[in-house]
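With my numbering applied, the sequence shown covers 280 to 649. Read the structure below first, then the notes.
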Amino acid sequence: MADYILVINPGSTSTKYGLFSISKGSFLIDEEVLHNAEDLKKYHKVTDQSEFRSEMILGDIKVKGFELKGNLAAVVGRGGLLHPLQGGTFIINEKMLDDLKNLRWGEHASNLGGILANEIAREYGDLPAFIVDSVSVDEFCTEAYISGYPKIKRRCRAHVLNIKAAARKACEKIDKKLEESNFIAVHIGGGISVVALEGGRLVDVNNALLGEGPFSPERAGTLPLEELIDICFSGEFTKEKLKKEFTKNSGLIAYLGTNNGLEIEKRIEQGDEKAKIVFDAWIYQISKYIGAKATVLKGKFEGIIITGGWARSKLLIEKLRERVGFLGEFFIFPGQFEMEALAMGALRIINKEETPKEYSDKFFPKPFNL
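What follows is the structure, encoded as structure tokens:
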């Protein structure tokens, strides 16, 4: 019986891949292959890199002494930019591949996830190929789209894959199904997602890339409109430079000159008053958005999930508990679980615990106009 699930998670300059053993319930390989920038420059579109990346993955597996032929059960890739869709595991079909290859919904390295998974699955026979909890997941409740200005629609952008993986771990702790549980989930890394999960669905979130919410180690979050408009028309920034300013050069790094958690905590311990004030303001903002998501769920939720790299910070967890601990139990899952989440999404299909969803022209949710 085929025992391997090949997991592929492409990034802009590297490809993470893993070989998961179904029988052992663990990864035999969990690797990140770095790509030379000069090699990548040869390709006009990111999706043109599929053969190059596929050869590197398969070559690396061969060097490590693993045989895929006859042993591969399925291939799963990170979901790329597609039309708004539900969370869960989707089988890769021609419609999905067409959208990914033609960059119909945008260009991103994650588009390669589905393409690579499909190509390798075909190379080793008629094997199933999947994506799981794509970056395009949009499960907002209707009210969540309304911004306050008709020409601007709020967007669902979050660390979906990691948040849903952490939510499943929390459900295991309380012996409940994800579909029967509500959580407030907070992913804290370079960016921050503060999510209301209702029955496993992501019904509201701050736009974790360039929208709103608490400031993060690198991002600005919600800003006062009058001053923001003044900056836009100051002549100091082009549109693209201002986007970079608010996504890469804001938040902790703008105030303190670093986004390194250990360094910031050390400065606080040594009596750095500015570091303490900025850190406390950060906790204050995160806490406000956690409280807001409690109202989205009408106070009915199992607890608060904290995940991402910053969940390792004892100081951050301690200060969050001081402000929002009264709301419910904390579930702490430090780090990221993307590779595990992809493998588990495919495994649930193989074990017939779930039925794979089919990608089509049908949007989820249905578009509406006001």
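Even for Gly, the Cβ is constructed at its ideal location relative to N, Cα and C.
Check: For K380, which residues in the same chain have their Cβ closer than 6 Å to its Cβ, ignoring the five residues on either side in sequence?; Outcome: T326
Check: Just confirm the distance between the C-beta atoms of I583 and G607, as a whole number of angstroms; I'd bet it's less than 8 Å.; Outcome: 6 Å
Check: Is the segment 318-325 touching the segment 360-369, taking contact as three or more C-beta pairs under 8 Å?; Outcome: no
Check: Counting along the chain, where does the alpha helix (DSSP H) carrying S566 start and finish?; Outcome: E552 to V575
Check: So what does DSSP say about I399, is it helix, strand or coil?; Outcome: helix
Check: Using the Cβ count rule (16 or more neighbours within 10 Å means buried), how would you classify F616?; Outcome: buried
Check: Taking Cβ to Cβ, would you say R357 is nearer than 8 Å to S389?; Outcome: yes
Check: The beta strand (DSSP E) with S300 in it runs from where to where?; Outcome: S293 to S300
Check: Specify the secondary structure class of Y283 as computed by DSSP and reduced to three states.; Outcome: strand
Check: Helix, strand or coil for N288, going by three-state DSSP, please let me know.; Outcome: strand
Check: How many angstroms separate the CA atom of E506 from the CA atom of P289?; Outcome: 38 Å
Check: Are three or more beta carbon pairs between the segment 625-637 and the segment 589-605 nearer than 8 Å?; Outcome: no
Check: Across the segment 489-500 and the segment 471-481, are there enough close Cβ pairs to call them in contact, namely three or more that are closer than 8 Å?; Outcome: yes
Check: Out of M618, I569, R600 and I562, point me to the one whose CA is closest to D483's CA.; Outcome: I569
Check: So, are the CB atoms of D377 and W384 less than 8 Å apart?; Outcome: no
Check: To the nearest angstrom, how far is it from the Cα of G540 to the Cα of W589?; Outcome: 7 Å
Check: If V439 and V465 are in contact, beta carbons under 8 Å, what's the gap, nearest whole angstrom?; Outcome: About 14 Å separates the two Cβ atoms, so there is no contact after all.
Check: Do A353 and A408 count as a contact pair if the criterion is CB distance below 8 Å?; Outcome: yes
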